[in-house]
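S.K.: These protein sequences, in sequence, are chains A and B.
Mind the numbering: the first sequence is residues 1 to 157 in the numbering used here, read in order.
Mind the numbering: the second sequence is residues 1001 to 1440 in the numbering used here, read in order.
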Amino acid sequence: MKRILLLLILTVSASFLWGQSNELLDSFLSKEKADVATTMLLVAQSAGLLPHDASPQDGYSWAISEKFGKHVKKFKADEPVTLGLFYLALFKTWNVKGGLMYSMTGAPRYAAKEAGFLGYVEPSELYPNRTVPPYEVLTGISYVSADFAEGGNTDEK
Amino acid sequence: MKNKILIILLIILIFPMVQLGAYEDDWGVRLDLNLDFPEVWGSVFGITTDDTLKFDYRGRWSDAAKIEFNGGLGFDGTFMLGVDTDFSFSYNGLHYKLYPILDKMNFYGNTGMFGYSGGRQLISDPAGLILRVPFDAVSGSIDIGKHIFRAGAGYTGLQFGQSTEYFLTRTDASRSYSSAFTLAVPRLMEFASWEMPALTSWMNISAFFLALQDLTSPEDQADSESSRFNAMYLELKVNGLLGSNFMYSAAGIGQFGKYGSLPVAAAAGRLGLSWLPGTRTQLGVDVISTTGDTWNNREEYLLGKTGSSAEKLNQYIPVSTVSTQGYVVEFEIGNLTSVSAFFNNRPGKNFSWEIRATTFIRNSTGPVASLYVNDKTVDNAFLGEEGLLTFNWRPKSDFGWSWKMGVMYPGEAINLNLMEEIEKFFPVLYRMGFDFSWSF
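1. Counting only beta-carbon atoms, is serine 27 of chain A nearer than 9 Å to chain B?
2. Quick one: complete alpha helix (DSSP H) runs, 4+ long, within the region 1209-1252 of chain B?
3. So, does the CB of asparagine 129 of chain A fall closer than 9 Å to a CB anywhere in chain B?
4. Using 10 angstroms around the beta-carbon of phenylalanine 1391 of chain B, count the other beta-carbons present and answer buried if the total reaches 16, otherwise exposed.
5. Is aspartate 1379 of chain B helix, strand or coil by DSSP?
6. Give a yes or no on whether the C-beta atoms belonging to valine 1185 of chain B and glycine 1157 of chain B are separated by under 9 Å.
7. Is the distance from the Cβ of phenylalanine 1191 of chain B to the Cβ of alanine 1151 of chain B below 9 Å?
8. Return yes when the C-beta of aspartate 53 of chain A is under 8 Å from any heavy atom of the ligand HEM, and no when it is not.
9. Quick check: the region 1403-1420 of chain B against the region 111-118 of chain A, are there 3 or more CB pairs under 8 Å?
10. Pull out every residue of the region 1378-1402 of chain B whose Cβ sits closer than 8 Å to any Cβ of chain A, in chain order.
11. Going by other Cβ atoms of all chains shown within 10 Å of its Cβ, with 16 needed for buried, is tyrosine 1091 of chain B buried or exposed?
12. Please name the residues in the region 54-70 of chain A whose beta-carbon is closer than 8 Å to at least one beta-carbon of chain B, in chain order.
13. For aspartate 1172 of chain B, which of B:Gly1161, B:Ser1179, B:Phe1181 has the nearest alpha-carbon?
14. Which residue comes first and which comes last in the alpha helix (DSSP H) that contains tryptophan 62 of chain A?
15. Count the other CB atoms within 10 Å of the CB of proline 1263 of chain B; is the residue buried (16 or more) or exposed (fewer)?
16. What does glutamine 1159 of chain B pair with, by DSSP beta-bridge criteria?
17. Along the beta strand (DSSP E) that carries glutamate 1190 of chain B, what are the first and last residues, could you check?
18. Measuring alpha carbon to alpha carbon, tell me which of A:Gly48, A:Glu136, A:His71 ends up nearest leucine 29 of chain A.
19. Flag this pair as touching only if the region 1368-1387 of chain B and the region 1334-1347 of chain B have three or more C-beta atom pairs under 8 Å; answer yes or no.
20. Tell me the residue span of the alpha helix (DSSP H) that contains asparagine 1177 of chain B.
21. Check methionine 1408 of chain B in the structure and name its three-state DSSP category.
22. Measuring straight from C-alpha to C-alpha, what distance separates alanine 1222 of chain B and threonine 1306 of chain B?
23. For aspartate 1050 of chain B, which residues of its own chain have a beta-carbon under 6 Å away from its beta-carbon, when the five flanking residues on both sides are left out?
24. Taking Cβ positions, are glycine 1240 of chain B and threonine 1182 of chain B nearer each other than 9 Å?
25. Which of the residues in the region 89-104 of chain A, read from start to end, lie with their CB under 7 Å from any CB of chain B?
26. Applying the criterion that 16 or more other CB atoms from any shown protein chain within 10 Å of the CB defines a buried residue, is valine 1029 of chain B buried or exposed?
27. Do you know how far the Cα of glycine 1071 of chain B is from the Cα of isoleucine 141 of chain A?
28. Looking only at DSSP bridge pairs, what is proline 80 of chain A linked to?
29. Just the Cα atoms here: how many angstroms apart are threonine 1324 of chain B and valine 43 of chain A?
30. Quick one, which of B:Glu1039, B:Thr1052, B:Pro1126 has its alpha-carbon nearest glutamate 1235 of chain B's?
31. Quick check: the Cα distance between phenylalanine 1425 of chain B and tryptophan 1403 of chain B, rounded to an integer number of angstroms?
32. Can you tell me which residues form a DSSP beta bridge with alanine 1266 of chain B?
33. How would you label tryptophan 94 of chain A, buried or exposed, when you count the other beta carbons within 10 angstroms and need 16 or more for buried?
34. Smallest Cα separation from leucine 126 of chain A: which of A:Arg109, A:Leu138, A:Pro133, A:Pro80?
35. Check whether the Cβ atoms of tyrosine 1248 of chain B and leucine 1242 of chain B sit closer than 9 Å, and answer yes or no.
36. Under DSSP, the alpha helix (DSSP H) around valine 71 of chain A begins and ends at which residues?
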């Protein structure tokens, strides 16, 4: 069942991962927890900000250079990524506008809450400091890239 | 010996935490502000506000070991304005109460088909006609195939009387106006429920049973001129979707018990039908009907003094304020039939509006839960017809506004006790209000 789910996720995610190497994705999906570097790489590639042959280290370096980089710096490249950090990077990259506190503070916990509000995370799983499994990174990227492909929030989502 | 028991207890408490893994947590703050006006009584007008500031926290060691907390402060106030026969207004001050709230503080979790919870927790019935309150309890659940069973037992007397909404006897009313830290009326409550979320493709079914034993002391009974009320409630609810755009819900409740030495037998029912022609529009009706008593049997809505000729009581009374009907005049659901027709629409992601017309009728010419229904000589059952327009705007995920405007044509049973000079300005009653919420 898990394999079918992963296959489904990979198929859905094909639009942004088509060029990503199978070895990298295989390696990523075999992990129990998604690591910061690969997660940042996939986030950047989903928006076309890094080439398909870029490495996880490139993703980590890119994330540190972004405005949300100060939150990424708190983690080593191979550390597990948290729900809050993942959605912060994803929303900032895809220009997803959020609530008042998210706009004012740009903090990971408010990005996680925004993900809950948008329905990407079940309320019972909404812990900003929860480390996320790799399939959740891929589904999150799929949702956001599908909903916000036109650039930023729209009224008719 | 005592030390050994303490160590064993600590090990039992700490054991789930030792399964550890990482500790995950989240916290939040929610501010709800409200303003409604006018409340009218005689020559006094009130602007009321009902506000809460709550903090919540959730933590998780594993699915089997989680904690949650929800509590804060509440503020209910009324700015009083007086008017005399010359139409000159005077400000009569702010009357308010500030009280602590503690809705949740429990340890809970689930493992496989079993779930548990211990501590302060919320309890509610599926149809929303019996109760929605916090209580201190232990409860468990078990999922067997398509069946979900839950059961629990607890105590109500450790809560702050002003913040809980138990509303059965006069003792409940007196506790809600006592000092901020006065505790609620002591009762034991036990519940059991069964749910089958997909009995058929078009029907979900659930049953809910609640028993309560009143532990009010003889002194408190004497002070509030009330007796103990021991009761049982049995509820059956079905709901579902017929076709792709027709939604229904139906529920029936039987209430049995004893108030002092008087037997109580009452019933309540609810029917809701909605048509959803698209994803943004809903057209529907909602009917609630409950049994009641005449003035001969009881002197007020709450269980207090009964009539001298009363041999049994038939007014349905929920355990807490739940599914309150009406906006211009609010009615609790005992001795009431309310028939609502509504239409709502969501033109954009951030905005929705609703128009609703409701007819209120009392089922027996006796007390209902409104101070405006107090004339025992009026035997008219019609209470009023209300029109309500509501706009909701949520520009951001963490804050939103709503604005309500209601008009009510009152029946003869509604007595505002207005001065003659003012009465001509109130062929109908009006009420307007704002709600604001911000969570972060």
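C-beta: ideal position from N, C-alpha, C; glycine also.
M.R.: In short, the structure shows the following:
1. Interface residue (Cβ-Cβ distance to chain B less than 9 Å): serine 27 of chain A is not classified as such.
2. Qualifying alpha helix (DSSP H) stretches, in chain order: 1218-1223.
3. Taking Cβ atoms only, chain B reaches closer than 9 Å to asparagine 129 of chain A, which makes this a yes.
4. Phenylalanine 1391 of chain B should be labelled exposed.
5. In the displayed model, aspartate 1379 of chain B falls within coil according to three-state DSSP, outside both helix and strand.
6. Yes; because the gap between Cβ atoms is below 9 Å, this pair is in contact.
7. Against a cut-off of 9 Å, the Cβ pair of alanine 1151 of chain B and phenylalanine 1191 of chain B comes out as a contact.
8. This structure does not include the ligand HEM; it has no bound ligands of any sort.
9. By the criterion of at least three beta-carbon pairs nearer than 8 Å, the region 1403-1420 of chain B is not in contact with the region 111-118 of chain A.
10. Contact residues of the region 1378-1402 of chain B toward chain A are Lys1396, Ser1397, Asp1398, Phe1399 (C-beta to C-beta distance below 8 Å).
11. Tyrosine 1091 of chain B is exposed by the Cβ-count criterion.
12. Result list empty, no residue passes.
13. The shortest C-alpha to C-alpha distance from aspartate 1172 of chain B to any of B:Gly1161, B:Ser1179, B:Phe1181 is the one to B:Gly1161.
14. Its alpha helix (DSSP H) spans residues 56-65.
15. Exposed is the call here.
16. As far as DSSP is concerned, glutamine 1159 of chain B takes part in no beta bridge.
17. Under the DSSP assignment, glutamate 1190 of chain B falls in the beta strand (DSSP E) whose first and last residues are 1187-1200.
18. Closest option to leucine 29 of chain A, Cα to Cα, is A:Glu136.
19. Flag = yes, the region 1368-1387 of chain B and the region 1334-1347 of chain B touch.
20. Sequence inspection shows tyrosine at residue 1177 of chain B; the asparagine mentioned does not correspond to that position. Segment: none, tyrosine 1177 of chain B is in no alpha helix (DSSP H) and carries neither H nor E.
21. Of the three classes helix, strand and coil, the one that applies to methionine 1408 of chain B here is strand, per DSSP.
22. Computed Cα separation, rounded: 14 Å.
23. Excluding sequence neighbours, aspartate 1050 of chain B sits near Asn1034, Asp1076.
24. Not in contact: glycine 1240 of chain B and threonine 1182 of chain B (Cβ atoms no closer than 9 Å).
25. Here the close residues are Gly98, Gly99, Leu100, Met101.
26. Flag for valine 1029 of chain B reads exposed.
27. Using only the alpha carbons, I get a separation of about 35 Å.
28. Partner(s): A:Asp35.
29. Whole-angstrom Cα-Cα distance: 48 Å.
30. If we check each option's Cα against that of glutamate 1235 of chain B, B:Pro1126 comes out closest.
31. Whole-angstrom Cα-Cα distance: 23 Å.
32. DSSP lists B:Gln1255 as partners of alanine 1266 of chain B.
33. The residue in question, tryptophan 94 of chain A, is buried, as its Cβ has 16 or more Cβ neighbours within 10 Å.
34. When only C-alpha atoms are compared, the closest one is A:Arg109.
35. Taking 9 Å as the Cβ cut-off, tyrosine 1248 of chain B and leucine 1242 of chain B qualify as a contacting pair.
36. In the sequence as displayed, the identity of residue 71 of chain A is histidine instead of valine. It spans 69-72 - the alpha helix (DSSP H) in which histidine 71 of chain A sits, taken as one unbroken run.
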